[in-house]
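Asker: Numbering (the numbering used here), first residue to last: 2 to 246.
Once you've had a glance at the structure underneath, I'll fire off some questions.
Written out as structure tokens, the structure reads:
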């Protein structure tokens, strides 16, 4: 084998091996770093709040100087915006006949369904005479539209007709908002964050190029050796010229 062929093949094998070694290392991933400053101490907001219940006397009906005619019902429509826990009906006035009879009722104004009903007579009044009574009903009166009906079998002047009871509402009390944050630089700490910021294919391309060059040099060395061997064989096979006598 000729020296030139041996040199090319040897260099080609070396470059081929180096190229494959580089190929095996794969694609190069680039990493970057950044730094952030975070507080060592607590940072945030405090917003204390609490709830309170507010109670008041809800009076949806408060009428005066009503003139009643015998056996003629008096109607009055009213609205309730907040639930009344329990109901009081207060009636006071003067009647033409002390031995009166009648009734008072609260109806649902939408469907005329009876919510409460009570008969009226002197026995229901204070001291057992006159038109002076306060009725108590241990049931709620929910928000909606209602109608109160009052009727007696005698003429009367009603000085006061009232419907009332306790209502309540939950109120959320907002306190002062407090913000907490460190003021000095020593209250912060530095944190390093590493992240992938790119991929490099340069090493893979260089490795594939080296492999190609190595293969080319090996092939070139083999071709040179093949051509040299053929030329040598042709020279050996050529017959020698005959000498003249």
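Glycine included, each C-beta is placed from N, C-alpha and C at the ideal position.
Since the structure is predicted, the reported quantities are computational estimates derived from the model, not experimental observations.
Following the continuous beta strand (DSSP E) through residue 119, name the residue where it begins and the one where it ends.
Answerer: From DSSP, the beta strand (DSSP E) with residue 119 extends over 115-121.
Asker: Which residue comes first and which comes last in the beta strand (DSSP E) that contains residue 1?
Answerer: Any question about residue 1 goes unanswered here, given that the chain covers just 2 to 246.
Asker: Please name the residue or residues paired with residue 106 in a DSSP beta bridge.
Answerer: 118 and 150
Asker: Can you list, in chain order, the residues of its chain with a C-beta nearer than 8 Å to that of residue 110? Leave out the 5 residues immediately preceding and following it.
Answerer: 78, 145, 146, 147 and 148
Asker: Can you tell me which of the three DSSP states residue 52 falls into?
Answerer: Collapsing the DSSP output to three states places residue 52 in a strand.
Asker: Any idea what DSSP makes of residue 34, helix, strand or coil?
Answerer: strand
Asker: Quick one: any contact between the segment 56-63 and the segment 127-140, if contact means 3 or more CB pairs under 8 Å?
Answerer: no
Asker: Report the partner residues of residue 80 according to the DSSP bridge assignment.
Answerer: According to DSSP, residue 80 bridges with 146.
Asker: Here's a check: name, in chain order, each residue in its chain whose Cβ is nearer than 6 Å to the Cβ of residue 245, leaving out the five neighbours to either side.
Answerer: With a pLDDT of 48 at residue 245, under the threshold of 50, the predicted position of this residue should be treated as unreliable, and no value is reported.
Asker: So what's residue 93 in DSSP terms, helix, strand or just coil?
Answerer: strand
Asker: How would you write the range of the beta strand (DSSP E) that residue 127 sits in, first residue to last?
Answerer: Careful: residue 127 lies outside any beta strand (DSSP E) and carries neither H nor E.
Asker: Tell me, to the nearest whole angstrom, how far the beta carbon of residue 118 is from that of residue 166; I am working on the premise that it is less than 8 Å.
Answerer: About 17 Å separates the beta carbons of residue 118 and residue 166, which is beyond the 8 Å limit, so they are not a contact pair.
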